[in-house]
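Residues 58 to 249 in my numbering are what the sequence shown spells out, letter by letter.
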Amino acid sequence: MPAPTKPDPRTELALTRERLSDLGQKFPQANAAVSAAAVAAERAKVELDLRPDDKDARKAADAAAERFEEVVGERDTILEAIERLRKHENTLAAMVAAETTADMAQAQAAARKANADAVRAGAPAVLAWVGRIILDSELAGRQVANLGQLIAEYLTGSFQHSSLSSGYQQGINAAWAESRRLREALERGEVL
58 MPAPTKPDPR TELALTRERL SDLGQKFPQA NAAVSAAAVA AERAKVELDL RPDDKDARKA
118 ADAAAERFEE VVGERDTILE AIERLRKHEN TLAAMVAAET TADMAQAQAA ARKANADAVR
178 AGAPAVLAWV GRIILDSELA GRQVANLGQL IAEYLTGSFQ HSSLSSGYQQ GINAAWAESR
238 RLREALERGE VL
């Protein structure tokens with residue numbers, strides 16, 4: 058036999074608040090009924106005091122007193138239910154808040170993973186771009202030791218060589234532009 062499904066705290070919280078709303082609307086009516094029954098009971102008691110031997114007056118006083126006790130019980134039942142549901146609401150709200158915090162942490166972890174995946178996905182292009190810088194430096198008869206200077210020259214577009222076709226230069230520049238866009242987006246905290 059499958060285990061019973063655990064109720065979703067968010068759904069249960071919504072239902073609890075709906076029930077509280079219903080009881081909140083009933084309570085003023087119940088309270089008004091208590092007030093009316095109290096007045097009726099007091100009048101019946103006054104009539105009985107005036108006619109202590111009148112059976113009808115005694116019967117009316119007893120009925121009014123019973124009615125008063127009945128509506129007081131109904132009102133108290135509503136109050137108890139409201140108090141119980143409010144405690145339950147607080148518990149559920151705390152559970153939902155905890156789940157929301159956990160969901161946010163999970164979303165942040167997913168964002169970090171997505172960013173890391175984006176970096177890994179872009180790594181081959183960046184490595185190829187660096188390799189092309191080294192290759193270009195060799196074609197140009199330059200020393201590869203100062204790679205930082207070569208990268209700076211690519212940044213400013215000042216590194217050119219007549220033996221490279223314009224399409225090849227454009228491809229290298231596009232690879233660099235993409236890597237720079239990726240880095241700037243990550244610095245802004247964007248999920249790529």
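For each residue, glycine too, the CB sits at the ideal point set by N, CA and C.
Residue i (DSSP reduced to helix, strand or coil)
{"i": "Asp65", "result": "coil"}
{"i": "Ser219", "result": "In this prediction, Ser219 scores a pLDDT of 42, lower than 50, which makes its location untrustworthy; no coordinate-derived value is stated."}
Cα-Cα separation between residue i and residue j, rounded to whole angstroms
{"i": "Thr73", "j": "Phe84", "result": "16 Å"}
{"i": "Leu221", "j": "Arg169", "result": "Since pLDDT at Leu221 reaches only 44, below the 50 mark, its modelled position is unreliable, and no value is offered."}
{"i": "Thr158", "j": "His145", "result": "20 Å"}
{"i": "Glu75", "j": "Glu156", "result": "21 Å"}
{"i": "Pro109", "j": "Ala117", "result": "12 Å"}
{"i": "Asp79", "j": "Met161", "result": "33 Å"}
{"i": "Asp133", "j": "Pro64", "result": "29 Å"}
{"i": "Ala93", "j": "Asn147", "result": "34 Å"}
{"i": "Val128", "j": "Ala151", "result": "35 Å"}
{"i": "Asp119", "j": "Glu131", "result": "18 Å"}
{"i": "Asp111", "j": "Glu137", "result": "39 Å"}
{"i": "Glu123", "j": "Leu107", "result": "20 Å"}
Integer-rounded CB distance, given that residue j should sit under 8 Å from residue i
{"i": "Glu69", "j": "Leu142", "result": "Incorrect: roughly 11 Å between the Cβ atoms, too far for contact."}
{"i": "Ala90", "j": "Glu104", "result": "Rounded, the Cβ-Cβ distance is 21 Å, inconsistent with contact."}
{"i": "Ala87", "j": "Ile135", "result": "5 Å"}
7 Å Cβ shell around residue i - same chain, five flanking residues per side excluded
{"i": "Ala95", "result": "Phe125"}
Cβ-based neighbour list, residue i, same chain, cut-off 8 Å, excluding 5 preceding and 5 following
{"i": "Val153", "result": "Pro66, Arg67, Leu70"}
{"i": "Ile139", "result": "Leu77, Leu80, Gly81, Phe84"}
Contact set for residue i: own chain, Cβ-Cβ below 6 Å, skip 5 residues either direction
{"i": "Ala121", "result": "Ala97, Ala98, Ala101"}
### Query
Along the chain, which unbroken stretches of the alpha helix (DSSP H) at least 4 residues long are found entirely within the stretch 107-140?
DSSP runs (the alpha helix (DSSP H)) wholly in the stretch 107-140: none.
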